[in-house]
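One structure below.
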Amino acid sequence: MQDAEILLVEDNSNCEELALRALKKAGYDKVTVARDGAEALGMLLGEGTPPGEHHEPNFVLLDMKLPKIDGVGVLQRLRSNDRTKALKVFALSSSEDPKDLEQCRSLGVLAVLPKPLNPELLKRWLH
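Numbering (the working numbering), first residue to last: 1082 to 1208.
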């Protein structure tokens, strides 16, 4: 099993379940889930959480269509923070709109992974 810690940011419970299943098949067991952009930023930047309770995952799998703060907003905040600006982020999207994909890349995502997640694709990108 992989020792990497992953933060999955996904608001859809069906997509979350499929992603967790794919991650488990790919060998990843240390997964924390945030269900909206504000919760993800709280976990990653410590906003609204007690001191010392922020997460420092190896990777973030970030759905781009989220309530409260969308994926682009989350990425912008992560990239503007010295501690998280180099965090490895993979965007999760069902969109194939070139404008959406380019916006993700301009904010430093390593790849845009299609939903539902494929365990073999995860292994290839996360190793």
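From the three backbone atoms N, C-alpha and C, an ideal C-beta is built for every residue, glycine too.
Where DSSP assigns a beta bridge to residue i, which residues make up the other side?
{"i": "D1181", "result": "D1181 pairs with nothing; no bridge assigned."}
{"i": "E1086", "result": "K1111"}
With 16 other CB atoms within 10 Å as the buried threshold, where does residue i fall?
{"i": "S1187", "result": "exposed"}
{"i": "P1195", "result": "exposed"}
{"i": "A1107", "result": "buried"}
{"i": "P1179", "result": "exposed"}
{"i": "A1115", "result": "buried"}
{"i": "S1174", "result": "buried"}
So, at 7 Å on beta carbons, what are the nonlocal neighbours of residue i in its own chain, with the 5 sequence-adjacent residues on each side left out?
{"i": "L1182", "result": "V1193"}
{"i": "S1094", "result": "none"}
Keeping to the same chain, check which residues put their C-beta closer than 6 Å to that of residue i; ignore five residues upstream and five downstream.
{"i": "A1172", "result": "L1143, M1145, C1185, V1190, V1193"}
{"i": "V1170", "result": "V1141, L1143, V1190"}
{"i": "D1117", "result": "D1092, L1147, P1148, K1149"}
For residue i, which residues in the same chain have their Cβ closer than 8 Å to its Cβ, ignoring the five residues on either side in sequence?
{"i": "Y1109", "result": "M1082, Q1083, A1085, I1087, L1203, L1207"}
Our contact map puts residue i next to residue j with C-beta atoms below 8 Å; I'd like the distance itself, whole angstroms only.
{"i": "L1089", "j": "E1097", "result": "7 Å"}
{"i": "L1126", "j": "R1158", "result": "7 Å"}
{"i": "V1153", "j": "L1122", "result": "No, V1153 and L1122 are not in contact; Cβ-Cβ is about 13 Å, not under 8 Å."}
{"i": "A1100", "j": "L1168", "result": "Contact doesn't hold; Cβ gap of about 18 Å is too wide."}
{"i": "H1136", "j": "T1113", "result": "6 Å"}
I need the DSSP call for residue i, collapsed to helix, strand or coil.
{"i": "L1194", "result": "strand"}
{"i": "K1149", "result": "coil"}
{"i": "A1172", "result": "strand"}
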